[in-house]
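Colleague: Just dropping this structure here.
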Amino acid sequence: MISNEILRLQSVSDALNGYLALVVLAMGTVGNTLNIVVFIRIKKFRQMSNSIFLLTSFVASIILVWTGRFPQALTILTGIDIAAASPFFCAFRAVFGRISQNLALLCIGLVSIDRFLITSRNERCRRLLTKLRATLIVTILFLIYLAISIEDAISYYWARSCKSPNTPFAYTQFVSYFSWVVTFGVPLILITIFSLFTWQNLRFSVQGRRNRLQQQVNRMMFAQFGLMFLSTLPIVLMRVYRLVTESQKKSLLQSTQETLIFYVATTIGYASPIGSFYIYFIVSPVFRQNTRTALICKKFTRVTPFTLREPRIATNPT
109 MISNEILRLQ SVSDALNGYL ALVVLAMGTV GNTLNIVVFI RIKKFRQMSN
159 SIFLLTSFVA SIILVWTGRF PQALTILTGI DIAAASPFFC AFRAVFGRIS
209 QNLALLCIGL VSIDRFLITS RNERCRRLLT KLRATLIVTI LFLIYLAISI
259 EDAISYYWAR SCKSPNTPFA YTQFVSYFSW VVTFGVPLIL ITIFSLFTWQ
309 NLRFSVQGRR NRLQQQVNRM MFAQFGLMFL STLPIVLMRV YRLVTESQKK
359 SLLQSTQETL IFYVATTIGY ASPIGSFYIY FIVSPVFRQN TRTALICKKF
409 TRVTPFTLRE PRIATNPT
């Protein structure tokens, strides 16, 4: 009876890592590609300072879903283990999978800082973050993550198995704590704090209420922040549980149940990197309009009135 339950749970886990992974892969690739097209082709979006952070997050999200979901789906559905067959892909997945995850999440945290600065009543704060500075920040972050991942590139490339690389124990511990603090902790803290600050700014900002573009962007970003927080929280809680119960002796059934729960939490965690386009499209009429404009490949010649003004009532001279 217990063995049948274990087999059933394992089949559900395989379905999550196989067929559902293909859905995640398709939605993430299509959604983020459309995001990139819209934010590059539409001038108003392209000129915003946070477009650098968002474009970086979109590209990183595509790499994340392909390095994270594609190999597992391919192995379960076809039996082909591409990571075991190709040392280069094994090393690429280890290095750029981690880099893309860090950049995808942290850039959304940086967007929350940008929204706080843009909605500030202080003009110096509104001009503080430029596209050049945003590009510099992203470049520095990428180089830092790349330097940290050099050990992974060497260990995974020369490892006999992609599942058991010969990485030093000290480095493994460092990466584990780095993942806790930087990958999950810092973005969630930034989003929580600066979303509250931005909300406070919007309560007193007359300019923010009159500027339709910024109003719509704020709505899009708040939806993105909420999606990221809710999708990341299950992974954090599951990792905390695994850390607390690591020394406990568990039965095969319990281990299988926990593995399934972890796969569910991981799948939910992909809602943030794959769901941004769909969230933007749902909550913002301006984004929907600009998506249609970008996709039909027409030159954007008509200027949309982004500033809301009171209607002027004509009067007859007396």
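The sequence shown lines up with residues 109 to 426 when you count with our numbering. Note that CB positions come from ideal geometry on N, CA and C, so glycine has one too.
1) Classify Arg241 as helix, strand or coil using the three-state DSSP reduction.
2) Identify every run of the beta strand (DSSP E) within the region 362-389, keeping only runs that are complete inside it and at least 3 residues long; order them along the chain.
3) Could you tell me how far apart the beta carbons of Ser165 and Arg206 are, in whole angstroms, since I believe they sit closer than 8 Å?
4) For Ile160, which option in Phe385, Cys270, Lys239 has the closest C-alpha, if you only look at C-alpha atoms?
5) What's the call for Arg223, buried or exposed, on a 16-neighbour Cβ count within 10 Å?
6) Under 9 Å, do Leu185 and Tyr127 count as touching if we go by C-beta distance?
7) Applying the 10 Å Cβ sphere with the 16-neighbour rule, what's the burial state of Ala123?
8) Alpha carbons only, please: which of Glu231, Gly187, Arg241, Thr247 is nearest the one belonging to Asn158?
9) At which residues does the alpha helix (DSSP H) containing Leu236 begin and terminate?
10) Using 8 Å as the cut-off, can you tell me whether the region 326-344 makes contact with the region 288-305, which would need three or more C-beta pairs spanning the two stretches below that distance?
11) Does the distance from the CB of Arg201 to the CB of Tyr378 come in under 9 Å?
12) Among residues of its own chain, excluding the 5 on either side of Ala331, which ones have a beta-carbon nearer than 6 Å to its beta-carbon?
13) Can you give me the start and stop residues for the alpha helix (DSSP H) that Cys270 sits inside?
14) What did DSSP end up calling Ser119 once you bin it into helix, strand or coil?
15) What did DSSP end up calling Ile188 once you bin it into helix, strand or coil?
16) Using 10 angstroms around the beta-carbon of Val394, count the other beta-carbons present and answer buried if the total reaches 16, otherwise exposed.
17) Can you tell me the Cβ-Cβ gap for Ile382 and Met135, rounded? I've got them flagged as a contact below 8 Å.
18) Just curious, the alpha helix (DSSP H) that Trp307 is in, first and last residue?
19) Under the rule that 16 or more other beta-carbon atoms within 10 Å means buried, what is Asn125, buried or exposed?
20) Which of the three DSSP states, helix, strand or coil, is assigned to Pro393?
21) So, is Pro276 buried or exposed, given that buried needs 16 or more other C-beta atoms within 10 angstroms?
Modeller: Well, looking at it:
1) On the sequence shown, residue 241 is found 133 positions in, with the first residue counted as 1. Correct three-state label for Arg241: helix.
2) The region 362-389 contains no whole beta strand (DSSP E) run of 3 or more residues.
3) As a first step, residue 165 must be located in the sequence shown, where it is residue number 57. As a first step, residue 206 must be located in the sequence shown, where it is residue number 98. Actually they are not in contact, since the Cβ atoms of Ser165 and Arg206 sit about 15 Å apart, beyond 8 Å.
4) What you label residue 160 is simply residue 52 of the sequence shown in a count that begins at 1. Here the closest residue by C-alpha is Lys239.
5) On the sequence shown, position 115 is the one that residue 223 refers to. Under this definition Arg223 is a buried residue.
6) If you number the sequence shown from 1, residue 185 lands on position 77. If you number the sequence shown from 1, residue 127 lands on position 19. The answer is yes: Cβ separation under 9 Å.
7) For this step, residue 123 is matched to residue 15 along the sequence shown. Counting Cβ neighbours within 10 Å, Ala123 comes out exposed, since fewer than 16 surround it.
8) Along the sequence shown, one-based indexing puts residue 158 at 50. When only C-alpha atoms are compared, the closest one is Arg241.
9) Start at 1 with the first residue of the sequence shown, and residue 236 comes out as number 128. Secondary structure note for Leu236: it is in no alpha helix (DSSP H), with a DSSP letter that is neither H nor E.
10) With contact defined as three or more Cβ pairs closer than 8 Å, the region 326-344 and the region 288-305 are in contact.
11) On the sequence shown, position 93 is the one that residue 201 refers to. On the sequence shown, position 270 is the one that residue 378 refers to. No, Cβ-Cβ distance for Arg201 and Tyr378 is not below 9 Å.
12) What you label residue 331 is simply residue 223 of the sequence shown in a count that begins at 1. Once the five neighbours on either side are set aside, the close Cβ partners of Ala331 are Ile387, Val391.
13) Start at 1 with the first residue of the sequence shown, and residue 270 comes out as number 162. For Cys270, no alpha helix (DSSP H) segment is defined, and its DSSP state is neither H nor E.
14) Counted from its first residue, the sequence shown places residue 119 at position 11. Looking at Ser119 - three-state DSSP - the assignment turns out to be helix.
15) Position 80 of the sequence shown holds residue 188. Ile188 falls in the coil class under three-state DSSP.
16) Counting from 1 along the sequence shown, the entry for residue 394 is found at position 286. Counting Cβ neighbours within 10 Å, Val394 comes out buried, since at least 16 surround it.
17) Translated into positions along the sequence shown, residue 382 becomes position 274. Translated into positions along the sequence shown, residue 135 becomes position 27. Correct: roughly 5 Å between the Cβ atoms.
18) Here residue 307 is taken as the residue at index 199 of the sequence shown, counted from 1. Its alpha helix (DSSP H) spans residues 294-312.
19) The residue given as residue 125 occupies position 17 in the sequence shown. Burial of Asn125 is indicated by the presence of at least 16 other C-beta atoms within 10 angstroms of its C-beta.
20) Indexing the sequence shown from 1 puts residue 393 at position 285. Shown here, Pro393 sits in a helix according to DSSP, grouped into three states.
21) Within the sequence shown, the letter at position 168 stands for residue 276. For Pro276, the number of other beta carbons within 10 angstroms of its own is below 16, and it is reported as exposed.
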